[in-house]
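Student:
Residue numbers (our numbering): 1 to 396.
1. Starting from residue 73, follow the beta strand (DSSP E) in both directions and report where the run begins and ends.
2. Counting Cβ pairs closer than 8 Å, one from the stretch 217–227 and one from the stretch 151–164, do we hit at least three?
3. How long is the line joining the alpha carbons of residue 30 and residue 94, rounded to whole angstroms?
4. Excluding sequence positions up to five away, which residues of its chain have a Cβ less than 7 Å from the Cβ of residue 274?
5. Find the nearest neighbour of residue 186 within the set 154, 129, 106 and 365, judged by alpha-carbon distance.
6. How do the stretch 330–342 and the stretch 366–377 stand: do at least 3 beta-carbon pairs fall below 8 Å, yes or no?
7. The alpha helix (DSSP H) spanning residue 178 covers which residue range?
8. For a quick check, are the C-beta atoms of residue 260 and residue 206 less than 8 Å apart?
9. For a test of the three-state rule: what should DSSP assign to residue 347, helix, strand or coil?
10. What's the C-alpha gap between residue 227 and residue 201?
11. Using a 10 Å radius around the Cβ and a threshold of 16 neighbouring Cβ atoms, would you call residue 430 buried or exposed?
12. Let me make sure I understand the geometry here. Which of 90, 114, 130 and 146 has the alpha-carbon closest to that of residue 120?
13. Enumerate, from N- to C-terminal direction, the unbroken alpha helix (DSSP H) stretches of 4 or more residues contained entirely within the stretch 358–385.
14. Look at residue 87 and residue 6 and say whether their C-beta atoms are less than 8 Å apart.
15. What number of angstroms, rounded off, separates the C-alpha of residue 316 from the C-alpha of residue 171?
16. Alpha carbon to alpha carbon, how far is residue 349 from residue 291?
17. Among the residues of its own chain, which have a CB less than 6 Å from the CB of residue 133, if the five just before and after it don't count?
18. Going by beta carbon distance, what residues of the same chain come within less than 6 Å of residue 277, once the five residues before and after it are set aside?
19. With H, G and I counted as helix, E and B as strand and the rest as coil, what does DSSP make of residue 155?
20. Could I get the ranges of all uninterrupted beta strand (DSSP E) runs contained in the stretch 122–210, with 3 residues as the minimum, in chain order?
21. Between which two residues does the beta strand (DSSP E) harbouring residue 86 extend?
22. Among all the DSSP beta bridges, which residues are the ones paired with residue 293?
23. Please state the DSSP three-state secondary structure of residue 278.
24. If distances are taken between C-alpha atoms only, which option among 362, 255 and 297 comes closest to residue 308?
25. Run the CB neighbour count on residue 190, radius 10 Å, all protein chains shown included, and call it buried at 16 or more, exposed below.
26. Examine the Cβ distances between the stretch 102–109 and the stretch 66–75 and report whether three or more of them are shorter than 8 Å.
27. Might you give, ordered along the chain, the residues of its own chain that have their beta carbon closer than 7 Å to the beta carbon of residue 394, omitting 5 neighbours on each side?
28. Between residue 73 and residue 43, is the Cβ-Cβ spacing less than 8 Å?
29. Which of helix, strand or coil does DSSP assign to residue 7?
30. What's the C-alpha gap between residue 16 and residue 177?
31. If you reduce the DSSP assignment to three classes, tell me which class residue 13 lands in.
32. Going by the DSSP bridge assignment, what does residue 116 pair with across the sheet?
33. Using 8 Å as the threshold, is the C-beta distance between residue 152 and residue 118 below it?
34. Whose C-alpha, out of 368, 213 and 195, is nearest the C-alpha of residue 294?
35. Residue 135: which of 303, 59, 147 and 110 sits nearest, CA to CA?
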């Protein structure tokens, strides 16, 4: 069966990564950018990455050369005339994305699907710039696209019925794990993960523990791959803070997503983390990493609080039909490598215990930040769980 030709707008890290994924899957690719040097870097990078896979024996050398040959570069949108799908991966600015799609729509066929890789903007807002918004959809990859399995597929209110299922099947054919979610701020991963950062910073600000101790509690006791402060420094505060601020604004300033002044000050100072040499930790030459206080009681207190907040966000996303129970679990284990799906984790801890933690925090602070999801309260009241069969087998 002949593979559709796919156009990629933008040859930065994400655009090049997506081009590599689809070329590897057998699609002819047109990689577009107005910057000739960026296109050159992208094609060299794709070639290097694929040949490394061949060297490691993960791909056949002939397959690699065929995949490399499938990627053609262009600096004129006219190259998308024969594409069946065009994916945009450029700067996170609504006006810029809308302008690009207006221009693209004048070139592509009526049957061509248009997609954005945005991580934080409304799909409906970008689709609104199109003459045919019914063929528009969000396809959100995670960085680096060739390595990360999860892809969020986000239909807009304008997207025609059935297109999300078609794109989900296409993404699966690329060897990825797609989840379908509503067009809500942060989609699944960037929404549910907010308390991992926000509550950790709150614990730091209150003096409950220092950054090293909080990171230790969540990695050693919780099984997370990176602690929140190390992870924020790794992502960069120029990225992480902006996403938090964007989600907070998009949710009509819901206190659950409120950014912190502590992170804002690092952002303002240019202390972005690893990339700048300083963040919550000091990465400059000769600087020593602080030692955590390895107190199990304190560590479990930290873990219990952050975990309850994460679970509450996942429960609320389920309650509001942002995604299915299975897709929510898949998104958090494959999108941010959480040790367990948060709903299963809630079942293991016991829903009454999670609710008790949240209610105790709400009683102490009287902040809406700590309000428990009505779904969690209903399940506790009725003695139910998210995965009844799993709970039954644990108790057997």
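Note that CB positions come from ideal geometry on N, CA and C, so glycine has one too.
Since the structure is predicted, the reported quantities are computational estimates derived from the model, not experimental observations.
Tutor: The short version:
1. 71–74
2. Contact fails: fewer than three Cβ-Cβ distances are below 8 Å.
3. 23 Å
4. 233, 234 and 283
5. 154
6. The stretch 330–342 is not in contact with the stretch 366–377.
7. From DSSP, residue 178 is part of no alpha helix (DSSP H) but of the beta strand (DSSP E) over 177–180.
8. no
9. helix
10. 12 Å
11. Residue numbering for the chain in the displayed model covers 1 to 396; residue 430 lies beyond these limits and cannot be assessed.
12. 90
13. 374–382
14. yes
15. One alpha carbon belongs to residue 316, the other to residue 171, and they sit about 27 Å apart.
16. 29 Å
17. 127 and 158
18. 283 and 284
19. strand
20. 136–141, 150–155 and 177–180
21. 85–88
22. For residue 293, which the question treats as bridged, DSSP gives no partner whatsoever.
23. Residue 278 falls in the strand class under three-state DSSP.
24. Comparing Cα-Cα distances from residue 308 to each of 362, 255 and 297, the minimum goes to 362.
25. buried
26. Contact check between the stretch 102–109 and the stretch 66–75: fewer than three CB pairs, one atom from each, fall below 8 Å, which does not count as touching.
27. The predicted model places residue 394 with a pLDDT of 45, which falls under 50 and marks its position as unreliable, so this point remains unresolved.
28. yes
29. strand
30. 19 Å
31. DSSP places residue 13 in helix when its eight states are reduced to three.
32. 88 and 138
33. Taking 8 Å as the Cβ cut-off, residue 152 and residue 118 do not qualify as a contacting pair.
34. Distance check between residue 294 and each of 368, 213 and 195 places 213 closest, using alpha-carbon atoms only.
35. Closest option to residue 135, Cα to Cα, is 110.
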